[in-house]
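In terms of my numbering, the first sequence opens at residue 181 and continues consecutively.
For reference, the structure discussed in these notes is given below.
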Amino acid sequence: MDKINLIYRRSINVLGSQHWWPARGPFEVMLGAILTQNTSWSNVEKAIRNLKKAKLLSPGKIHRLSEKSLAGFIRPAGYYNVKARRIKNFMAFFIGTYQGSVRKMSGKKTGLLRRELLGVNGIGPETADSILLYALNKPVFVVDAYTKRIFFRHGLVKKDASYQQVQGMFACSLRKSARLFNEYHALLVKIGKDFCLKNKPKCSFCPLKSL
DNA sequence: GACCAGGCACATC
DNA sequence: GATGTGCATGGT
Numbered sequence: 181m182d183k184i185n186l187i188y189r190r191s192i193n194v195l196g197s198q199h200w201w202p203a204r205g206p207f208e209v210m211l212g213a214i215l216t217q218n219t220s221w222s223n224v225e226k227a228i229r230n231l232k233k234a235k236l237l238s239p240g241k242i243h244r245l246s247e248k249s250l251a252g253f254i255r256p257a258g259y260y261n262v263k264a265r266r267i268k269n270f271m272a273f274f275i276g277t278y279q280g281s282v283r284k285m286s287g288k289k290t291g292l293l294r295r296e297l298l299g300v301n302g303i304g305p306e307t308a309d310s311i312l313l314y315a316l317n318k319p320v321f322v323v324d325a326y327t328k329r330i331f332f333r334h335g336l337v338k339k340d341a342s343y344q345q346v347q348g349m350f351a352c353s354l355r356k357s358a359r360l361f362n363e364y365h366a367l368l369v370k371i372g373k374d375f376c377l378k379n380k381p382k383c384s385f386c387p388l389k390s391l
């Protein structure tokens with residue numbers, strides 16, 4: 181068995197199923213995907229809570245909200261001015277193209293939709309793929325900083341590997357399943373947070389030790 | 001106080 | 001195509 185499958189098997193055997201994404205419903209997931217850019221999820225939760233408390237958790241309401249006002253609500257998530265602009269850009273696209281309907285958006289072919297998402301200023305490959313996988317249940321692998329770091333330390337990719345290169349590796353080795361991609365990515369984040377830290381890796385406790 | 005967190009766009013060479 | 005920089009809060 182190849183190493184990519186081996187890492188998955190070992191991770192899920194030791195850590196168990198992770199039950200991602202920690203948000204309620206596809207719309208919150210899409211919002212969270214932008215809010216969590218280079219930011220911990222606990223801060224994202226605070227931002228979403230603020231919007232929820234103000235009863236603003238809908239595409240139309242956020243679309244009508246001023247950028248400045250939105251920035252105030254999402255402040256705890258950091259980069260609040262940039263993210264407010266990015267969220268507004270996304271809502272304009274979501275409402276303009278799909279009338280704010282997750283069902284309509286989900287009906288589009290995955291490849292085309294990915295291109296459209298990447299066309300929105302503020303949505304890059306990871307955010308687009310997070311939306312596709314975690315909000316719309318499309319079989320697209322999400323590559324993030326943890327994924328790259330773990331795979332680099334296991335000698336599977338070069339340090340400067342591109343997003344596409346890493347994503348391609350998964351596509352080659354794994355069956356194309358949203359459920360599997362979801363679980364695998366969630367496990368990598370768990371391992372990244374708990375063991376594969378940036379400067380102080382705790383390799384001796386890592387489930388992937390000796391792989 | 002330093003370091004880190006589920007990126008991205010933009011400028012510059 | 002590669003490399004550098006700004007964006008910002010909150011937890012450890």
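Ideal Cβ placement from N, Cα and C applies to all residues, glycine included.
Helix, strand or coil at residue i [DSSP, three-state]
i: M271; result: helix
i: G252; result: helix
i: V320; result: coil
i: G304; result: coil
i: L297; result: helix
i: D309; result: helix
i: A341; result: coil
i: N185; result: helix
i: Q347; result: helix
i: G258; result: coil
i: L336; result: coil
i: K382; result: coil
Reference residue i; option with closest CA among the options
i: K289; options: K318, S246, D324 and K183; result: K318
i: A264; options: H243, S281, K389 and I275; result: H243
i: I267; options: I311, P381 and G287; result: I311
i: P381; options: Q217, F361 and R329; result: R329
i: A308; options: Y188, L195 and L215; result: L215
i: G284; options: A272, P256 and L316; result: Reading the sequence as shown, one finds Lys at residue 284 and not Gly. It is L316 whose Cα lies nearest to the Cα of K284.
i: P256; options: S281, G205, F270 and A227; result: A227
i: A366; options: G240, G348 and Y326; result: Y326
i: S357; options: N269, V322, L297 and L336; result: V322
i: R189; options: L360, K235 and V209; result: L360
i: N362; options: I184, E306, H199 and K183; result: H199
i: G258; options: V194, E225 and G280; result: E225
i: E296; options: Y314, L250, F270 and G280; result: F270
For residue j and residue i, the rounded distance between their alpha carbons
i: I303; j: L293; result: 12 Å
i: L354; j: L377; result: 26 Å
i: Y343; j: N230; result: 33 Å
i: S197; j: Y278; result: 33 Å
i: F332; j: K339; result: 6 Å
i: I390; j: S191; result: Residue identity check: residue 390 is Ser in the sequence provided, not Ile. Between S390 and S191, the C-alpha separation is close to 13 Å.
i: L186; j: V300; result: 36 Å
i: V346; j: D324; result: 10 Å
i: Q217; j: M181; result: 34 Å
i: C383; j: D374; result: 10 Å
i: G205; j: L211; result: 10 Å
i: F253; j: L245; result: 11 Å
i: K248; j: V262; result: 10 Å
i: A341; j: W221; result: 25 Å
i: A251; j: A234; result: 13 Å
i: L237; j: A213; result: 14 Å
Terminal residues of the alpha helix (DSSP H) in which residue i lies
i: K241; result: P239 to R244
i: P387; result: That residue, P387, is in no alpha helix (DSSP H); it is neither H nor E in DSSP.
i: V282; result: V282 to G287
i: Y314; result: No alpha helix (DSSP H) contains Y314, which DSSP labels as neither H nor E.
i: A234; result: Counting along the chain, A234 falls outside any alpha helix (DSSP H), and DSSP gives it neither H nor E.
i: Y326; result: A325 to R333
### Task
With a floor of 4 residues, list each alpha helix (DSSP H) that falls wholly inside the region 350-376, ordered by position along the chain.
Listed in chain order, the complete alpha helix (DSSP H) runs (minimum 4 residues) inside the region 350-376 are 358-374.
### Task
Kindly provide the ranges of any alpha helix (DSSP H) runs that are 4 or more residues long and lie completely inside the region 191-225, ordered along the chain.
Secondary structure within the region 191-225: the alpha helix (DSSP H) runs of 4 or more consecutive residues, fully enclosed, are 205-215 (chain order).
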